[in-house]
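See below for the structure under consideration.
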Amino acid sequence: MSKGFGETDLNVPAIELIDVVAGYGDKIILDGINLEVNHGEIFTIIGLSGSGKSTLLKLIIGFLKPRSGMVRVNGKNITRMSERQMNRIRRGMGMVFQHAALFDSLTVYDNVAFPLVYRREIPAKKINRIVHDKLEDVDMEGTGRLMPFELSGGMQKRVGLARALAENPRLILYDEPTTGLDPVITNNINGLIVRTRDRYDATSLVISHDMESVLKVSDRVGVLVYKKLAFIGTPDELLSSEKPEVQAFIRGEEILEHS
Ligand SMILES: Nc1ncnc2c1ncn2[C@@H]1O[C@H](COP(=O)(O)OP(=O)(O)OP(=O)(O)O)[C@@H](O)[C@H]1O
Ligand SMILES: [Mg+2]
480 MSKGFGETDL NVPAIELIDV VAGYGDKIIL DGINLEVNHG EIFTIIGLSG SGKSTLLKLI
540 IGFLKPRSGM VRVNGKNITR MSERQMNRIR RGMGMVFQHA ALFDSLTVYD NVAFPLVYRR
600 EIPAKKINRI VHDKLEDVDM EGTGRLMPFE LSGGMQKRVG LARALAENPR LILYDEPTTG
660 LDPVITNNIN GLIVRTRDRY DATSLVISHD MESVLKVSDR VGVLVYKKLA FIGTPDELLS
720 SEKPEVQAFI RGEEILEHS
């Protein structure tokens with residue numbers, strides 16, 4: 480386990496956003512976000528395209544700094560952390576990107592080994608064992624020699640997850656893990672998200688468009704509407720929410736931006 484991220488402290492939330500305001504240039508995308516994600520929880524953020532879901536992830540991984548408010552990860556205030564400090568914290572996080580984001584010119588093996596090789600202090604033999612273990616964890620054993628273009632979309636997502644698991648993360652961030660996949664593969668990936676949480680005892684923050692997946696995998700859900708989290712609760716509470724903007728989202732209706 481990495482020193483930077485620290486031991487898991489069960490007394491503090493795994494992720495905490497307090498009154499966060501964030502955006503790009505003159506544009507405010509998130510305005511007053513308050514969120515606590517508990518250790519070991521699968522928490523899903525849903526919202527329309529462009530509502531700021533990926534922006535929220537960027538705040539947690541420290542790629543974007545909030546204009547005001549505070550972001551804490553495993554009890555550590557990362558709001559004003561330097562890149563150097565942040566890189567240490569990031570070793571405790573695994574990120575599965577919106578588009579699988581594999582390196583096209585590297586084999587499956589080298590893609591998964593990448594974060595380990597990058598660190599330089601890990602002996603080749605150990606890297607070899609880790610890569611094999613991680614590919615097995617995502618049911619992709621024996622595919623190390625393949626190139627990304629030889630894989631289906633679902634397989635690419637699996638390799639992306641294997642890479643995210645390489646350093647045994649305490650926190651796994653998934654940006655739209657099932658978007659663009661057919662229902663069978665979607666089911667498959669959803670099963671893998673739950674299994675990974677159980678196996679790694681990791682907190683999981685999932686971004687999703689897909690209501691069916693959300694209801695299946697999430698312990699709790701947050702709905703992003705009009706720059707704010709309009710709802711936070713369990714899937715059952717989500718279905719019975721009487722908030723019009725939440726109901727509209729569940730029914731897949733167009734919600735007009737008032738910005
Ligand atoms: N680097 C950037 N510079 C300027 N504007 C950006 C940048 N990244 C995102 N945006 C804008 O911020 C808004 C929110 O983007 P974000 O990617 O967080 O939305 P999203 O909910 O993840 O959307 P999607 O479901 O399409 O992935 C959008 O209007 C987008 O155009
Ligand atoms: Mg996005």
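Position in the sequence shown (from 1) plus 479 gives the number in the working numbering.
C-beta atoms are modelled at their ideal positions from N, C-alpha and C, and glycine is treated no differently.
Neighbourhood of Glu736 by C-beta, 6 Å cutoff - its chain only, sequence neighbours within 5 removed:
Note that Glu736 scores a pLDDT of 48, beneath 50, so its modelled location is shaky; the value from the coordinates is reported in the next line. For Glu736, where only same-chain residues beyond five positions count, there are no Cβ hits under 6 Å.
Of all the options Pro627, Glu691, Arg642 and Leu644, which has the alpha carbon lying nearest to the alpha carbon of Thr658?
Glu691
What does DSSP give as the partner residues of Ala501 in its beta bridges?
Leu509
Residue from Pro723, Thr713, Ser687 and Val663 whose Cα sits closest to the Cα of Leu527:
Ser687
Mark Arg674 as exposed unless 16 or more other C-beta atoms lie within 10 angstroms of its C-beta, in which case mark it buried.
Counting other Cβ atoms within 10 Å of its Cβ, Arg674 stays below 16 and is therefore classed as exposed.
Euclidean distance between Cα positions of Met634 and Met619
Rounded to the nearest angstrom, the two C-alpha atoms are 8 Å apart.
For ligand 1, residues whose Cβ lies under 5 Å from any non-hydrogen atom
Tyr503, Ile508, Ser528, Gly529, Ser530, Gly531, Lys532, Ser533 and Thr534
Close-in-space but distant-in-sequence residues of the same chain around Leu543 (CB under 7 Å, 5 per side omitted)
Only Ala501, Thr534 and Lys537 meet the Cβ criterion.
Which residues share a DSSP beta bridge with Arg551?
Glu495 and Asn556
I'd like the list of long-range same chain contacts for Leu644, defined as Cβ closer than 8 Å, with 5 residues on each side in sequence excluded.
When the five nearest sequence neighbours on each side are left out, the beta carbons in the same chain lying within less than 8 Å of the beta carbon of Leu644 are those of Gly573, Lys613, Asp616, Val617, Ile651, Thr675 and Tyr679, in order along the chain.
Residue from Ala709, Gly731 and Thr713 with nearest C-alpha to Lys722
The residue among Ala709, Gly731 and Thr713 with its C-alpha nearest the C-alpha of Lys722 is Ala709.
Can you give, in chain order, each stretch of the beta strand (DSSP E) that sits fully within the segment 672-704 and has at least 3 residues?
For the beta strand (DSSP E) assignment, the uninterrupted runs of no fewer than 3 residues enclosed by the segment 672-704 are, from N- to C-terminal side, 682-687 and 699-704.
Using a Cβ-based criterion (distance less than 7 Å to any ligand heavy atom), does Ile686 qualify as near ligand 2?
yes
What residue range does the beta strand (DSSP E) around Ala709 cover?
Lys707 to Gly712
Cα-Cα, which of Leu509, Asn666, Ser697 and Arg624 is closest to Gly712?
Ser697
Between Met480 and the rest of its own chain, which residues show a CB-CB distance below 8 Å, the 5 nearest in sequence each way excluded?
Low confidence applies here, because Met480 scores a pLDDT of 45, under 50, leaving its location unreliable and the question unanswered by this model.
Let me check you understand the geometry: is the CB of Asp689 closer than 7 Å to at least one non-hydrogen atom of ligand 2?
no
With a CB to CB cut of under 7 Å and the five nearest residues on each side skipped, what residues in its chain are close to Val591?
Val610, Lys613, Leu614, Val638, Ala641, Arg642 and Ala645
Check Ile601 in the structure and name its three-state DSSP category.
coil
Only counting the same chain, and skipping five residues up and downstream in sequence, which positions put a Cβ closer than 7 Å to that of Pro492?
Glu515, Val516 and Asn517
Would you list the residues sitting across from Gly526 in a DSSP beta bridge?
Leu703
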